[in-house]
Each structure stands twice: as structure tokens, then as C-alpha cells.
Amino acid sequence: MGHEHLLPLLLGIVNCFGIFLVDAESPYRFFDWEITYGTISPLGTPQRGILLNGQFPGPPIDAETNDNIIVNIYNKLDEPLLMTWHGIQQRKMSWQDGVLGTNCPIPPNSNWTYKMQLKDQIGTFSYYPSTLMHRAAGGYGALNVHRRPVISVPYPEPDDEFTMLIGDWFNTDYKRLQENLDAGNKMPFPDGLIINGDPSGTTIVGEAGKTYMIRVSNVGIMTSINIRIQEHSMKLVEVEGSHVLQETYDSLDIHPGQSLAFLVTFNGTAKDYYFIASSRFTRKTLNATAVLHYAGSKTPVSGPLPDGPTYHIHWSMKQARTIRLNLTANAARPNPQGSFHYGSINITRTLMLANSVGTIDGKVRYGVNSISHVNPETPLKLADYYNIPDVFDLITIQDSPPGSPLAYGTSVVGITLHDFVEIIFQNNETTLQSYHLDGDSFFVVGYGAFQWTPAMRRKYNLVDGTSRSTIQVYPNSWTAVLASLDNKGMWNLRSTIWHRRYLGQEVYLRVWNSEKSLLTENDIPPNALKCGKAADL
């Protein structure tokens, strides 16, 4: 064949290959959000809220596994802002995490673009501002990741789905709440609960005989909730990206920061029914309601609200133990979830993290292992990347509670990439705690009362503990998780009781090795904001 014929052939092959690459690349979804203040009245009292494109709650992100998400945020507030993606595993992308340890905040009247891929993930998640007390003013929304069509789910396809963002709410302006905390005052009791921005305005419409998925996220800042539906049961199918054994519940506890999905079949008389959310473990019970409406129903909701569980902690802990991983089901990938035998992996490091409360300079502060975290002006990730000295060290916080008084510090725990770490959350206080790990997940292997000891390992669930990223720790109790830390980066492990996190109850896990490779971590993005000691780099 002559050269004059070979060139068109080669160009044709290249073009075909290019088309294949374009077709093979996962889709891109683009979002432009303008974040502003606006007047909202979730509980009937007009107040300043944080809106996304004029909406409260913010617009949902509905995507499929492996989609590329591009979110361009215009910050029109009078304060710097960051947005975090709760439960999304930022594989190799801690630069996109949206917390002060990894990113410089977006200044007022400027914009920044997040770029991330929903790699090998499905499930029910959320997003919200991670800075200051912004979360108490709104700014949150749903982030639902659906399966790819080629991947099956371990239940019949629901006829439709609905999202419920439920949480506590305060009529006090968020800046006033923040000022009170800065002055050393305690966080007040919430004024109420809301569902999708309203205490009683959401309606779930369905047809008799059909089954629907309801996704629920606790987007509150301090209150555990219990949900139930009048004369209907809930079949739990997914918890924060994991398919679970399909147990049926009359009511479910969901703690701050947690998300789940359940199926409900419209198998009652064709009328309207209450969907109820109630506060848990509070001195006064707060309620919010929605309506389960059968198409064609002319009968409004009636009767007393179905009773929720009692205050007792033991009931909730027993229920938590029933939420277990479905080993034979797949999640985002076709291989069974149980193919990763976490219980047979040797533990390389144990961290016992105890929440701390105390006063520093006469003001209430919170911490972990006696260190109340303070964010330096230079984000930890930037300092690490540019080898900037005197920003953080790996000795300020210890692997177990030292028993010393609470003190200020920058809490960074050094973890070697691929370490298999046991984390014990020890709670010696009389209030429930809740923790979230950004960028990764862990297997929940045990809950217990009082003090954890090594003997408690005999009681661990080493077979079908749920893989998730947010976990509750009951009062005067402990929770144990196992984490395969194979995601290189600087990851925030924080209290989701937001005023405690604002006042220092968080740490960072520096998951690291010395190899410079795009196979283990993406390079710094070209649009990265620079601040602190990195401002001129």
C-alpha cells in the first residue's frame, strides 16, 4: 500500500479511537450557583438565610456513578465561604474537599469552580457550607448519586423517589449564634424541626399498590431525629452509599450528618397519612410533619401523631446494630460488597479519639484528645504540598486521650497510605456525639456502653458491618470503626454537632506516602486559591 493511501487509513483509525475515548468518558454535569443572603421564614419568623440561586434548600444534584461534576460557585455573601460534599469519596482529590484544611475560602464577590468525579459511588448524600456557622442559615441541599443502567440494585426498581432534608432550625440569626459562641456561651436549644425548609409543607404523592424510595438526610446541626410513617412500614435499603440488609422498621433514628434510603409501599386505604420527624434525646420533643398522599385521596391527615421511641439510649443502640451490610449485593460496582473481607485484615494502627470539653481563657471550647483545633491561615494541604514549615506537625495530637487539660492546637494525625486503622470514638459526656470522615468511609464494627477496652474487640462485627462515613457515639459509650485508608490526601474528621466543630472538635488525617504519582493523588488544580504563607507561591 502506498503512503498516499496509508495516511487516510491512519487518520481514520485515530478518529475512530478519538470517538471511542469521547464516548467512553463519563458525562459532565455543570452547575452555576450564586450564593446570596435572602429572607426566609422556615418556622414563621422572617430571618436572614443563605440561598443558592434564590432557593432554600439549595438545588439538588442528581447524578450517576462516575459522572464528572463541575460546580461554579459565586460567593455573594459578606464573608469567605467553602462548600463541602458530605459523604462523597473524593478519590485522589482532597483539593476539592471544601474545608479550611484543604482550601483557601472563596472571598466575597468572587467565584471558584469545584471539579470532582463521583467515582465508583452511589447513594444518598448532601452538601453544605463548611465555614463558620453558615450551616445554621441554610446553604444546604441534596446530592443523590444513582446507579449506572448496567449495574443492578438488590430490590425492585421503585416507581419514583423523593428526597427529604430534615433538620433542626434556629430563629436566631447565624451571626448572633456565632457571636454568642465566641463569647463563651452555650448553644441554645433549637426552635424547631423542618423538612425541606418547612415544618409541615412537604407532600409525597403516590398511587395505591406502588412502591417508592424516600431518601432522607439529617441536615441539622445538633439534633438526632426519628422518622416514621403513620400506618406504614419502611424497608431500609441503603445507608450512605452501601446497600444494607433489607430490614423493615416502624421507625428509624438518623443522627446529625447521616443519610439513608428506604422503600415504602402504598398498601393502605387511599387517604392521607402523616410522615413524622421527631427530635431524639432532647428535654423537649420537637416535631415536623409531611404528608403521604394517595393519588385521588379526599381524606386529609387526621388522628394523633404516631408515637416515637422513648428516650432510652439502649433502644437506639440496639437498632443501630441491626443495620448491616448486604454482602451479596453490589453497590456502584458489579462485584459483591462482601468481597472486601475487612475482618481478616491486620490492624496497623489504633486511634482512640475522645471528645473533650473545657474552658480556655474563660470560654467554652471543644476538642479531641485534649486539643481544641485551630485552623492556621495557611491551609494544611497547601503547607504540605509546598513544604511550608511551622504550619502543622504530627505530634500535637496523641493517638489516645492524654488526660491533660484542653489546649489550643492544630490537630493533624499522620497516616501511611494503605494503613488499616482502628478508630475508637470514646464519649465520656452525657450527650450524643456524631463524627464524619471526609473523602473516605469506614466499617462500623461495634457499639458499647462505658469505657472501651481491648477486650471489646471480641464483640466486633467482622463480617457485615456497614460501610459509611458518618457515625454516632452514644452518651457515656464508645463506637469502633475500621478504615482502609487508601485515599491519599488531607482529610477532615469532624464533629457534625456543628457548634462543637466550630469551637475545635475536629482533626485532620494526613494520609501520605513519599511517592509523587498521579496514580495516588491528583496534582494541585490550576485554579487553586492561595492564601496565608502560600499566597505568593
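Per mature numbering (1 follows the signal peptide of the UniProt record, and there is no 0), the sequence shown runs over residues -24 to -1, 1 to 513. We treat Cβ as the ideally placed atom computed from N, Cα and C, and that holds for glycine.
Using CA atoms only, rank isn't needed, just tell me which of the options is closest to residue i.
i, options, result
"ARG399", "ASP43, ASP375, THR406", "The amino acid occupying residue 399 in the given sequence is Ile; Arg does not appear at that position. ILE399 has its Cα closest to that of ASP375, out of ASP43, ASP375, THR406."
"ILE37", "GLY217, ASN503, ILE45", "ILE45"
"TYR384", "GLN402, GLY334, GLY415", "GLY334"
"MET109", "GLN72, GLY196, GLY168", "GLY196"
"GLN402", "ASP416, ALA271, PRO451", "PRO451"
"PRO232", "TRP488, THR446, VAL457", "THR446"
"THR139", "ALA266, GLY422, GLY465, GLY480", "ALA266"
"GLU482", "VAL397, LEU505, VAL389, LYS492", "VAL389"
"PRO280", "LEU303, VAL420, PHE251", "PHE251"
"GLN427", "LEU329, HIS288, GLU491, GLY185", "LEU329"
"LEU141", "GLY173, ASP337, THR12", "GLY173"
"THR12", "SER86, GLN65, THR21, LEU19", "SER86"
"ASP369", "GLY415, ILE473, ARG486", "ARG486"
"SER209", "TYR188, THR372, MET198, ALA296", "TYR188"
"THR496", "TRP488, ASN503, PRO502", "TRP488"
"PRO134", "GLY114, ILE98, PHE238", "PHE238"
"TYR131", "GLN448, ILE321, THR304, ARG204", "THR304"
"GLY284", "GLY314, SER227, ASN331, GLY319", "SER227"
"residue 516", "GLN23, GLY508, ASP416", "The displayed coordinates of the chain run from -24 to 513. Any statement about residue 516 would go beyond what the structure contains."
"SER235", "ILE190, LEU358, PHE101, THR199", "PHE101"
"GLY504", "GLU137, CYS80, ILE64", "A quick correction: the sequence has Ala, not Gly, at residue 504. Among GLU137, CYS80, ILE64, the Cα nearest to that of ALA504 is on CYS80."
In whole angstroms, give me the CA-to-CA distance for residue i and residue j.
i, j, result
"PRO312", "ARG341", "44 Å"
"THR60", "GLU183", "36 Å"
"ARG433", "LEU413", "22 Å"
"PRO430", "THR326", "11 Å"
"residue 514", "THR179", "The chain is shown from -24 up to 513; residue 514 falls before or after that span and cannot be answered."
"GLU40", "PHE7", "15 Å"
"ARG67", "SER443", "16 Å"
"ILE347", "SER70", "23 Å"
"SER453", "LEU94", "34 Å"
"SER471", "ARG111", "13 Å"
"GLN206", "GLY217", "27 Å"
"ASP499", "THR261", "49 Å"
"PHE242", "PRO33", "27 Å"
"VAL439", "SER254", "32 Å"
"ARG5", "THR89", "13 Å"
"LEU382", "SER278", "51 Å"
"ALA271", "VAL181", "6 Å"
"VAL240", "SER493", "46 Å"
"ASP512", "LYS506", "7 Å"
"GLY14", "VAL397", "44 Å"
"PRO355", "THR224", "45 Å"
"residue 521", "ALA296", "The shown model of the chain, from -24 to 513, leaves out residue 521, and the question about it has no answer."
"GLN72", "TYR287", "39 Å"
"ASN147", "PHE316", "46 Å"
"LEU408", "LEU268", "30 Å"
"LEU119", "GLU10", "17 Å"
"GLY(-7)", "ILE127", "Since pLDDT at GLY(-7) reaches only 37, below the 50 mark, its modelled position is unreliable, and the value read off the structure follows with that caveat. C-alpha separation (whole angstroms): 26 Å."
"ASN156", "ASP167", "16 Å"
"GLN97", "ARG124", "10 Å"
"ASN345", "ASP158", "21 Å"
"SER193", "ARG259", "23 Å"
"VAL129", "ALA307", "7 Å"
"GLY379", "ILE64", "34 Å"
Where do the N-terminal and C-terminal ends of the alpha helix (DSSP H) with residue i fall, by residue?
i, result
"LEU329", "Unbroken run through LEU329 is the beta strand (DSSP E), 325 to 336; no alpha helix (DSSP H)."
"HIS475", "474 to 478"
Got a sec, what are the start and stop residues for the beta strand (DSSP E) residue i sits in?
i, result
"LYS339", "339 to 344"
"TRP467", "465 to 471"
"ARG204", "200 to 205"
"GLY99", "99 to 105"
"PHE396", "395 to 403"
"HIS412", "409 to 413"
"LEU461", "453 to 461"
"TYR211", "It is worth fixing the name first, because residue 211 is Lys in this sequence and not Tyr. Segment 210 to 215, the beta strand (DSSP E) holding LYS211."
"GLN481", "Premise fails: GLN481 is in no beta strand (DSSP E) and is neither H nor E."
"ARG433", "Neither: ARG433 is in no beta strand (DSSP E) and is coded neither H nor E."
"SER447", "Note on identity: in this sequence residue 447 is Ile, with Ser being the wrong assignment. Run containing ILE447: 446 to 449, per the beta strand (DSSP E) assignment."
"residue 518", "Coverage of the chain is limited to positions -24 through 513, which leaves residue 518 absent and any answer about it impossible."
"LEU228", "227 to 230"
Using a beta-carbon distance below 9 Å, is residue i in contact with chain D?
i, result
"THR275", "Protein chain content of the structure displayed is limited to a single chain, and chain D is not contained in it."
Problem - Contiguous alpha helix (DSSP H) assignments of at least 4 residues, all confined to the segment 233 to 319 - result: 289 to 298
Exercise for the section: Determine contact between the segment 391 to 410 and the segment 454 to 462, defined as no fewer than three beta-carbon pairs at a distance below 8 Å. Expected result: yes
Practice task
Would you be able to state if there are at least three C-beta pairs under 8 Å between the segment 427 to 441 and the segment 43 to 55?
Solution key: no
Problem - Runs of beta strand (DSSP E) wholly within the segment 118 to 173 (minimum 3 residues, chain order) - result: Secondary structure in the segment 118 to 173: the beta strand (DSSP E) runs of 3 residues or longer, each lying completely within the stretch, are 136 to 145, 168 to 171 in chain order.
Problem - Segment contact, 8 Å Cβ cut-off, at least three pairs: the segment 358 to 378 with the segment 279 to 297 - result: no
Handout entry: alpha helix (DSSP H) runs contained entirely in the segment 3 to 90, provided each spans 4 or more residues
Key = none
Problem - Inside the segment 344 to 376 only - beta strand (DSSP E) runs reaching at least 3 residues - result: Listed in chain order, they are 347 to 349.
Exercise for the section: Could you say if the segment 73 to 85 and the segment 22 to 31 meet the contact criterion of at least three C-beta pairs nearer than 8 Å? Expected result: no
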